[in-house]
Amino acid sequence: MSHTTLLLIAAIGVATLLLLILRAKVQPFVALVVVSIGVALSAGVPAADLVKTIEEGMGSTLGHIATIIALGAMIGRIIELSGGAASFAHSLIDRFGSQRTPLALTVAGFVLGIPVFFEVGLIILMPIAYGVARASRKPLLVYALPMGAAMLTVHAFLPPHPGAVAVTQAIGADQGLVLLMGIPVTAVVVLLGYLVSRRMTRREYPMDPAVYAEVYGEEPTPEATGGSAPAVAPADEGHGTAVLTRPAPAASSTSTDVTPPAPSFGMVLALIVTPILLILAGTLGQNLLAEGSTLRAVLTVLGAPMVALLIDVALCAYLLGARRGWDRSHIANVMGSALPAVAMVILVAGAGGVFGKVLVASGIGDAIADVLDRTGLPALFLAFLTALALRAAQGSTTVALITTAGILTPLLQRADLSTAQLSLVALAMGAGGLAVSHINDAGYWMFTRLAGLDVASGLRTWTVLTTTMGVIGFGLTAALWPLV
42 MSHTTLLLIA
52 AIGVATLLLL
62 ILRAKVQPFV
72 ALVVVSIGVA
82 LSAGVPAADL
92 VKTIEEGMGS
102 TLGHIATIIA
112 LGAMIGRIIE
122 LSGGAASFAH
132 SLIDRFGSQR
142 TPLALTVAGF
152 VLGIPVFFEV
162 GLIILMPIAY
172 GVARASRKPL
182 LVYALPMGAA
192 MLTVHAFLPP
202 HPGAVAVTQA
212 IGADQGLVLL
222 MGIPVTAVVV
232 LLGYLVSRRM
242 TRREYPMDPA
252 VYAEVYGEEP
262 TPEATGGSAP
272 AVAPADEGHG
282 TAVLTRPAPA
292 ASSTSTDVTP
302 PAPSFGMVLA
312 LIVTPILLIL
322 AGTLGQNLLA
332 EGSTLRAVLT
342 VLGAPMVALL
352 IDVALCAYLL
362 GARRGWDRSH
372 IANVMGSALP
382 AVAMVILVAG
392 AGGVFGKVLV
402 ASGIGDAIAD
412 VLDRTGLPAL
422 FLAFLTALAL
432 RAAQGSTTVA
442 LITTAGILTP
452 LLQRADLSTA
462 QLSLVALAMG
472 AGGLAVSHIN
482 DAGYWMFTRL
492 AGLDVASGLR
502 TWTVLTTTMG
512 VIGFGLTAAL
522 WPLV
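With this note's numbering, letter number 278 in the sequence shown gets 319, and the count goes up by one each step, no holes.
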């Protein structure tokens, strides 16, 4: 089959995927599997090999990332339900002082964004932003905008978030190097995003009357709502503000009625950075210690992402659970409650692996690689541009990153890049996945509803800020390229 025909099949496949997700509202997992089957058969993959190809794509992807995503979700859930996340954010506010509260919440969003998923992080921290805005009588957006953008940045760039984990696995990058280079890059992006948001929030934006009343405890003036009273979606449509109520502390299963104190700032911080340090130690050990060394072997095992996260789950269960009065069944229930929320994310990641496998098995990957080779564009720029285009087209950061990895893997294999260079390519994809959060992105609607913004204001603030931060992230990644 000619390259032109294969490229046409690929284009039709991607267009069909977007139509199924955007127009037909088909669940992304189902859409990816259906499109993968259609592309495979159209590109000449024998019917007898179809099931095997799908199983290999699903298995090779989930064999690595399913455990990591599940363990990361458990860590975040224990920190959330123990009250550690809220305690951590309040401690930062106390340390930074009232004048730097927006920066404190931004730092909280960055740090808590590592173990906690973006949507959960918003639910945890938005009530704190409400309380600070009420006390200071300042616009909510001053606090919420940089905080939310910080969490989304970590979600797009860093493991153990699903898109970053899937990309790292698919293209052969190293998770330790992705963290080693990605954490400082992400920190700078978050800091610059905070500075950009300060300029954006010098002016006030119209605010939903219901959200205004909940934040400030009073009816809004016409000026606060832009001179009108926007309709508020009914609660049963999932857009009410009941979600903003501070969650009740997790009930203890012991006989005592005394509520244990919230976890300390230092304990929560230590539990968040422990798996990161273990993974980095494993990477450094493999690069700096002699092969066959006992210390290198120990660090390699402890630094394996699965092992590092498993150790941290055990520490969280003991320090935030058992030591504070939770019994074993309650700890098990809390861990189990983290899994339903990530089950579909794991399946989407696996279906993305199927799509990537189909592209390789059908020869479409090589055809795409030939075309991209002839453009003369650097692999880093192609990774950013492809992820950005897919993110803008279909909305989901995770789907955009996984699909980009599937499209570019043959080109990256042909380019013979080092592990460090592949890790930068993974970060460039993350930068593209961060940008252009707009009306087809569930995260856009979640943030704008919680912040009380209308569509136009959301596009002028949230969309512009995430795009700016994505471009900054790519610029920083490109600046590191000559050094690796």
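C-beta: ideal position from N, C-alpha, C; glycine also.
For V152, the uninterrupted alpha helix (DSSP H) run begins and ends at T142 to L153, by DSSP.
By the Cβ rule, the segment 379-397 does not count as touching the segment 320-336, because fewer than three pairs are nearer than 8 Å. Note that the C-beta distance between A390 and L429 is not below 9 Å. Contact check for G473 and T427: beta-carbon distance about 7 Å, within the 8 Å limit, so the pair qualifies. No Cβ-Cβ contact shorter than 9 Å links L182 with L431. With contacts defined as CB atoms closer than 9 Å, P346 and P200 qualify as a contacting pair. G344 places its beta carbon 9 Å or farther from that of T315.
Its Cα nearest to that of I317, the residue L350 stands out among L350, A331, F306 and S464.
With fewer than three CB-CB distances shorter than 8 Å, the segment 357-369 does not count as touching the segment 417-425. Of V173, L61, I78 and A56, the smallest CA-CA separation from L400 is found for I78. Residue burial annotation: P247 is buried, with at least 16 other C-beta atoms found within 10 angstroms of its C-beta. The segment 399-415 makes contact with the segment 443-452: 3 or more CB pairs, one atom from each, lie closer than 8 Å. Taking 9 Å as the cut-off, the Cβ atoms of S464 and V219 count as close. DSSP places D414 within a helical segment (H, G or I) once states are collapsed to three.
Residue burial is scored here from C-beta neighbours: Q140 has fewer than 16 other C-beta atoms within 10 angstroms and is therefore classed as exposed. Closest option to G117, judged by alpha-carbon separation, among G362, K93 and A392: G362. Ranking G377, M42, L153 and A469 by CA distance to the CA of F425 puts A469 first. W503 and T489 have their C-alpha atoms roughly 8 Å apart. For the pair L221 and L321, the CB atoms are nearer than the 9 Å cut-off. Along the length of the segment 134-221, whole alpha helix (DSSP H) runs at least 4 residues long occupy 142-153, 159-177, 181-198 and 203-212, reported in chain order. Of all alpha-carbon atoms in G104, V525, I119 and G85, the one lying nearest the alpha-carbon of Q210 is that of G104. With respect to G234, P302 sits apart: the two C-beta atoms are not nearer than 9 Å.
The C-beta of G138 has fewer than 16 other C-beta atoms within 10 Å across all chains shown, which makes the residue exposed. The beta carbon of A197 sits closer than 6 Å to the beta carbons of T438, G471, G474 and L475 from its chain, once the five residues preceding and following it are set aside; these are given in chain order. Separation of A114 and P156 (C-alpha to C-alpha, rounded to the nearest whole angstrom) is 7 Å.
Of the residues assessed, Y359 falls on the exposed side of the cut-off, its CB having fewer than 16 other CB atoms within 10 angstroms. For G377, the closest C-alpha among the options L122, A65 and L48 is that of L122. Remark: three or more beta-carbon pairs, one from each stretch, lie closer than 8 Å, so the segment 142-159 and the segment 125-133 are flagged as touching.
In this structure, DSSP gives E96 a helical state, which the three-state scheme calls helix. In terms of CA proximity to L356, M308 leads the group M308, A170 and G397.
The C-beta of L61 has 16 or more other C-beta atoms within 10 Å across all chains shown, which makes the residue buried. Restricting attention to S478, S498, A519 and M487, the CA atom closest to the CA of T508 is found in S478.
With a threshold of 16 other beta carbon atoms within 10 Å, L524 falls short and is exposed. Exclusion of the five residues before and after R175 leaves V256 and Y257 as the residues of its chain whose Cβ lies within less than 6 Å of its Cβ. Sorting P168, K179 and V237 by C-alpha distance to the C-alpha of A191 places V237 at the top.
According to the DSSP assignment, I480 belongs to no alpha helix (DSSP H), since it is labelled neither H nor E.
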